[in-house]
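K.L.:
Chains A and B supply the protein sequences, listed in that same order. The first sequence begins at 1 in the numbering used here and counts up one residue at a time. The second sequence begins at 1 in the numbering used here and counts up one residue at a time. Backbone N, C-alpha and C fix where the C-beta goes; we use that ideal spot for every residue, glycine too. Computed from a prediction, not measured in an experiment: that's the story for all the values here. After the structure tokens below, expect a handful of questions from me.
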Amino acid sequence: MLVLLLALALGVTLGLLTNFSVPAAALTYLGVSVLAAIDACLGGVKAALEHTFDDKVFVSGFLTNTLMAAFIVFVGDRIGVRELYLAAVVAFGLRVFDNLGTVRRLLFSRWGWE
Amino acid sequence: MTNAFSRPALVAVVGFLGFLVAVSFNTTQRFADALPERANDLVDVVHDLEEQRTELQDRLAELRAEMDTLEKDAADDSGVRESYSRELETAREAAGMLGVTGPGVEVVLGDGSEVAAGTDPNDYVIHDTDIAAVVNALFAGGAEAVDINGERVVATTPVRCAGTTILVNSTRLGSPYTIRAIGDPTALEDAVREDPVASLLFTTYRSQFGLQAEVRAGQDMTVEAYRGSFRPQYVSSDQGGDR
């Protein structure tokens, strides 16, 4: 758990130090990829707790989900339905809370708080 | 417990998530910093108006010069008119319509260069009240003519704050401010250094906030003429109204 928090802190520090930012047009893509990353991380933690974590599944899942989300945003922009990105946001959002619930319960049983 | 989570792929994605969050933060921060377009439009309007003002001031100066020659021509006619003309000249000088030279002092005020962490940045800049205090002290010390960065201080001159600049007459002035006054140099210097408000600039504020504040006496000060207009709407003379 500690190593994950350290990784998160390292990522934030790196981002702030490089002061990297994206143009206005890419803001929606950025938002969706943040959600995809949160979803992937929680899914990964859940799998790790269930001892079903598999590198291949995890990495490919993260990449395809992000790409699909980006594709939906792109298509939405092209066909003039900018709100199409909400589909990705809702899907990721639901999964995030679903996974969070499972992780919470798994952590309780792991720490013997049941 | 740590073992279960130390999958390189998981750690990498979590790190990437942190990076993305930081990038989002940077991006929003940048947009918040950008000036709204409306403000830019207003800046253009101000610049246009200032340009117009300068043109009108030049035109005013031309017309005044023309008036001068006409008056002189007219005054050549007779002695009565000559004395009238001399009276007019004196009145003009007193009103600040003429550029003047003579002994006096020069006060230079400038913003401090570095703001120490945790202190109020407002303490490190020259404010309208500082300029007003110095100008008041100079007049109290018997100054006969005063200008600020070439803007003559006349009876109707306001000195007030306009954003990061100071508005004198209708001109925005920026630091450093050079205030020139004509009068008895010693009396003027004493007046500025002993004024309860103005003196702080040369003592506490200068040493504490690094403000630039100097007084220099000289024998050949030049004070500019007033370049603005007088357009009285409400006042009328109490001497029969021959204006």
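1. So is A:GLY61 in contact with chain B if we call contact Cβ pairs under 7 Å?
2. Could you give the distance in angstroms between the alpha-carbon of B:HIS127 and the alpha-carbon of B:ALA162?
3. Assign B:ASP147 to buried or exposed, taking buried as 16 or more other Cβ atoms, counted over all protein chains shown, within 10 Å of its Cβ.
4. Determine, using beta carbons only, whether B:PHE16 comes closer than 7 Å to chain A.
5. At a Cβ threshold of 7 Å, is A:ASN65 touching chain B?
6. List the residues that DSSP assigns as beta-bridge partners of B:GLY218.
7. B:ILE131: buried (16+ other C-beta within 10 angstroms of its C-beta) or exposed?
8. Would DSSP call A:ILE38 helix, strand or coil?
9. Less than 7 Å between the beta carbons of B:GLU144 and B:ILE182, yes or no?
10. For the region 21–34 of chain B against the region 79–97 of chain A, do three or more pairs of beta-carbon atoms, one drawn from each stretch, fall closer than 8 Å, so that the two count as touching?
11. Could you pull the start and end residues of the alpha helix (DSSP H) that B:ALA225 belongs to?
12. Just list the residues that DSSP pairs A:TYR29 with in beta bridges.
13. Could you have a look at B:ILE126 and say whether DSSP puts it in helix, strand or coil?
14. Just list the residues that DSSP pairs B:GLU151 with in beta bridges.
15. Going by the beta-carbon positions, is the gap between A:ALA7 and B:GLY15 smaller than 7 Å?
16. If B:PRO176 and B:GLY110 are in contact, beta carbons under 8 Å, what's the gap, nearest whole angstrom?
17. Is the CB-CB distance between B:PRO102 and B:PRO185 below 7 Å?
18. So, helix, strand or coil for B:ILE182, using DSSP?
19. Hey, is the region 86–97 of chain B in contact with the region 189–206 of chain B, meaning 3+ C-beta pairs nearer than 8 Å?
20. Closer than 9 Å by beta-carbon distance: list the chain B residues that pair up with A:ASP98, in chain order.
21. Helix, strand or coil: how does DSSP classify B:ARG231 here?
22. If you measure beta-carbon to beta-carbon, which residues of the region 23–45 of chain A are closer than 8 Å to chain B?
23. Evaluate the contact criterion for the region 59–67 of chain A versus the region 46–65 of chain B: three or more CB pairs, one atom per stretch, below 8 Å.
24. Return the residues of the region 21–52 of chain B that lie within a Cβ-Cβ distance of less than 9 Å from chain A, sorted by chain order.
25. With A:ARG104 and A:LEU49 assumed to form a contact (beta carbons below 8 Å), what rounded beta-carbon distance in angstroms separates them?
26. When you compare only the Cα positions, how much space is there between B:THR2 and A:PHE92?
27. Give the DSSP-derived three-state secondary structure of B:ARG172 in the structure shown.
28. By the criterion of Cβ-Cβ separation under 8 Å, what are the contact partners of B:PHE5 in chain A?
29. With distances taken between CB atoms, is the gap from A:ARG95 to A:ASP54 smaller than 7 Å?
30. DSSP three-state label for B:VAL197, please.
31. Out of curiosity, what's the CA-to-CA distance linking A:ARG78 and A:LEU17?
32. Mapping DSSP to helix, strand and coil, what is B:ALA213?
33. How should B:MET67 be labelled, buried or exposed, when 16 other C-beta atoms within 10 angstroms of its C-beta is the threshold for buried?
34. If the cut is a Cβ gap below 7 Å, which residues of chain A does B:VAL13 touch?
35. Taking A:VAL12 as the query, report the chain B residues whose CB atoms sit under 8 Å from its CB, ordered along the chain.
P.N.:
Based on what the coordinates show:
1. False, the Cβ-Cβ gap to chain B never drops below 7 Å.
2. Whole-angstrom Cα-Cα distance: 10 Å.
3. Buried, because 16 or more other Cβ atoms sit within 10 Å of the Cβ of B:ASP147.
4. B:PHE16 counts as touching chain A.
5. No, A:ASN65 does not count as interfacial toward chain B.
6. Paired residue(s): B:GLY104.
7. By the Cβ-count criterion, B:ILE131 is buried, with 16 or more other Cβ atoms from all chains shown falling within 10 Å of its own Cβ.
8. When secondary structure is reduced to three states using DSSP, A:ILE38 falls in the helix class.
9. Remark: C-beta atoms of B:GLU144 and B:ILE182 approach each other more closely than 7 Å.
10. Contact between the region 21–34 of chain B and the region 79–97 of chain A is absent, because fewer than three Cβ pairs lie under 8 Å.
11. Looking at the DSSP string, B:ALA225 is not in any alpha helix (DSSP H), and its letter there is neither H nor E.
12. Answer is none; A:TYR29 lacks a bridge partner.
13. DSSP places B:ILE126 in coil when its eight states are reduced to three.
14. As a beta-bridge residue in DSSP terms, B:GLU151 pairs with B:ILE148.
15. A contact, by the Cβ cut-off of 7 Å.
16. Confirmed, Cβ separation roughly 3 Å.
17. Contrary to the premise, residue 102 of chain B reads as Gly rather than Pro in this sequence. No, the pair does not count as a contact, with Cβ atoms beyond the cut-off.
18. Looking at B:ILE182 - three-state DSSP - the assignment turns out to be strand.
19. Contact between the region 86–97 of chain B and the region 189–206 of chain B is not established, with fewer than three Cβ pairs separated by less than 8 Å.
20. Simply none; closest approach about 18 Å.
21. Three-state result, B:ARG231: coil.
22. Listed by position along the chain: ALA24, LEU27, LEU30, GLY31, SER33, VAL34, ALA37, ILE38, ALA40, CYS41, GLY44, VAL45.
23. Contact fails: fewer than three Cβ-Cβ distances are below 8 Å.
24. Here the close residues are VAL21, ALA22, VAL23, SER24, PHE25, ASN26, THR27, THR28, GLN29, ARG30, PHE31.
25. Incorrect: roughly 10 Å between the Cβ atoms, too far for contact.
26. A caution first: B:THR2 carries a pLDDT of 48, below 50, which makes its placement in the model too unreliable to give a value.
27. Of the three classes helix, strand and coil, the one that applies to B:ARG172 here is strand, per DSSP.
28. The answer, in chain order, is MET1, VAL3, LEU4, VAL45, ALA48.
29. No. Outside cutoff.
30. Looking at B:VAL197 - three-state DSSP - the assignment turns out to be coil, as it is neither helix nor strand.
31. CA-CA distance, A:ARG78 to A:LEU17, rounds to 34 Å.
32. Looking at B:ALA213 - three-state DSSP - the assignment turns out to be strand.
33. Of the other Cβ atoms in all chains shown, fewer than 16 fall within 10 Å of the Cβ of B:MET67; this residue is therefore exposed.
34. Within 7 Å Cβ-Cβ: ALA37, ALA40, CYS41, GLY44, PHE62.
35. Neighbours of A:VAL12 on chain B, chain order: GLY18, PHE19, VAL21, ALA22.
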